[in-house]
Amino acid sequence: MIEYIRGEVTELIPTFAVIETNGVGYGINISLNTFSKLQGKKEGKLYIYENVREDAYALFGFFDKAEREMFTMLISVSGIGANTARTILSEMSVRELCAVISQSDVKLLKNVKGIGPKTAQRIIVELKDKIGSSDMGDFTPEDVRPVAVQIDDEVKKEAIGALTMLGFAPVPTTKTVNAILKEDPSLTVEEVVKRALKQIK
2 MIEYIRGEVT
12 ELIPTFAVIE
22 TNGVGYGINI
32 SLNTFSKLQG
42 KKEGKLYIYE
52 NVREDAYALF
62 GFFDKAEREM
72 FTMLISVSGI
82 GANTARTILS
92 EMSVRELCAV
102 ISQSDVKLLK
112 NVKGIGPKTA
122 QRIIVELKDK
132 IGSSDMGDFT
142 PEDVRPVAVQ
152 IDDEVKKEAI
162 GALTMLGFAP
172 VPTTKTVNAI
182 LKEDPSLTVE
192 EVVKRALKQI
202 K
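This note's numbering runs 1 ahead of the 1-based position in the sequence shown.
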């Protein structure tokens, strides 16, 4: 069992990192939150989850143990696979997700790509008690993004659509656009796209 991998970050994109240690390069699937924390670092340490299936073997890496713990909780829920769990953790931080689950906020959780109302409800029902009894239960209602309602949905959708047409993946694009509009909700579509292009290249 691999607990963690530490070494030189030789490749880094929003969903994938290569860390070289002792002459071996490990390809590791990552969330957008982990990507953000690795940016600009020559060396990195990722806590590993080994996803073993009959037809595949993949490594998922996390910047801290809390994100890995949340990942393992998510994939324990029926219908949630490794890639879906990673998508959820790309849309929300661990603290945000804990707050959403604790408050039974189905509406916010089902906004994540690939998560419908039934799946969102199942995540909440199955993980609410687990989170409350874990070290991740230390959060406040303010951890849920209060400015989300202030974001212009049309600007957001058009910006994401434009960036997707340019060839950028939907998950990191959505995260970047959300962050940009959270910082300044008054931006136009063109301004959002220009800022996003500088951040996700």
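We treat Cβ as the ideally placed atom computed from N, Cα and C, and that holds for glycine.
Assuming residue i contacts residue j (C-beta within less than 8 Å), just tell me the rounded distance between them.
i	j	result
Ile6	Thr16	With a Cβ gap of about 17 Å, Ile6 and Thr16 do not count as contacting.
Val193	Leu182	7 Å
Leu128	Val95	With a Cβ gap of about 12 Å, Leu128 and Val95 do not count as contacting.
Thr174	Leu188	Rounded, the Cβ-Cβ distance is 15 Å, inconsistent with contact.
Leu39	Phe64	7 Å
Identify the residues that DSSP records as bridge partners of residue i: which are they?
i	result
Gly8	Gly45
Leu13	Ala18
Specify, as a first and last residue, the run of the alpha helix (DSSP H) that residue i falls within.
i	result
Asp185	No alpha helix (DSSP H) contains Asp185, which DSSP labels as neither H nor E.
Val113	Careful: Val113 lies outside any alpha helix (DSSP H) and carries neither H nor E.
Asp154	Asp154 to Met166
Ala197	Val190 to Ile201
Quick test of the definition: if touching needs 3 or more C-beta pairs under 8 Å, does the region 100–109 touch the region 37–51? no
Contained alpha helix (DSSP H) runs [length at least 4] in the region 18–96, N- to C-terminal order: 33–39, 66–76 and 83–92
Taking 8 Å as the threshold, find out whether the region 116–135 comes into contact with the region 156–173 through three or more Cβ pairs. no
Is the region 23–37 close to the region 78–95, with three or more CB pairs under 8 Å? Segments in contact, yes.
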